[in-house]
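Here's the structure we're looking at; comments come further down.
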């Protein structure tokens, strides 16, 4: 019998002087999803978290100055400390004593920083293709994007960038630029075309502000701190991710309670490219957690 599709409910949380857009579904263990970017919003998670929401209470949100959340008018508050504070306030707003954090890409780094500061509120971590956690792996990540790009994609990016509307942040052009860029993030580049991404003048403005003022991976080094994260952790990576498999292997080895699974037909988006297997693995891991 097919599972009933979850019903997603939209709301806003007023925290730390901003309105954070939230989308939630399901019942059970609370899983708070932290999107990548930073600045792109949570919509890329949909519909790929539907299976999780059949057995868990999944809460997605747009981080400050992203998607449908506010915060772009106060760029001085676009800091790592404030993002961690927003997540802590969001936890309290939703009445969660302990939660599972699902972090993709930059969202994985945010989950790690939160777990280091508020371990008492973290039941477990689900880190999906986490962003680089030190300068060495960041350079590897950036170099891999260049290697993964085809000549056709480089030419298309240059063509879009040369159009007058691109410099003026025309939403369709910005969206097209990101889709072409994301070809290098997928093992199957065609799937980048189906990634949920609906650019508007407002969301492009927020993305521009975030990209100008917030660079959390520059100067980040969590290498030594990883051993301080004691909660159960499930790291999933893609064989063709820009972050080499060796990087997530080293991450898992440094974390005392971490497990690692590499998805063989995925790049930076295993939850899109191998959704059924990825979702089943998350649920298996969650079922193994102590109450």
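Numbering (the numbering used here), first residue to last: 1008 to 1298.
Backbone N, C-alpha and C fix where the C-beta goes; we use that ideal spot for every residue, glycine too.
Remember, it's a predicted structure, so these values are computed and weren't measured experimentally.
Whose C-beta lies closer than 6 Å to the C-beta of residue 1040 among residues of the same chain, with five residues either side of it excluded? 1052, 1067, 1109
Quick one: Cα of residue 1144 to Cα of residue 1102, how far? 36 Å
Please go through the same chain and pick out, in chain order, the residues whose beta-carbon is closer than 8 Å to the beta-carbon of residue 994, but skip the five residues on each side of it. Examination of residue 994 is not possible in this model, given that the chain is present from 1008 through 1298 alone.
Can you tell me the Cα-Cα spacing of residue 1097 and residue 1026, whole angstroms? 10 Å
Report all residues from its chain with a CB closer than 6 Å to the CB of residue 1137; omit the five preceding and five following residues, and keep chain order. 1115
For residue 1113 versus residue 1223, is the C-beta spacing smaller than 9 Å? yes
Rounded C-alpha distance that separates residue 1058 from residue 1232: 32 Å
Straight-line gap, residue 1012 to residue 1032 (C-alpha atoms, nearest Å): 10 Å
Out of 1054, 1048, 1034, which one is the CA nearest neighbour of residue 1283? 1054
Who does residue 1243 pair with in a DSSP beta bridge? 1135, 1268
When DSSP builds the beta bridges, which residues end up paired with residue 1028? 1019
Go ahead and pull the three-state DSSP assignment for residue 1059. helix
Assign residue 1130 to one of three DSSP states: helix, strand, or coil. strand
Rank 1134, 1150, 1023, 1148 by C-alpha distance to the C-alpha of residue 1076 and give the top, closest one. 1023
Using 8 Å for Cβ pairs, my map puts residue 1073 next to residue 1047. What's the rounded Cβ distance? 6 Å
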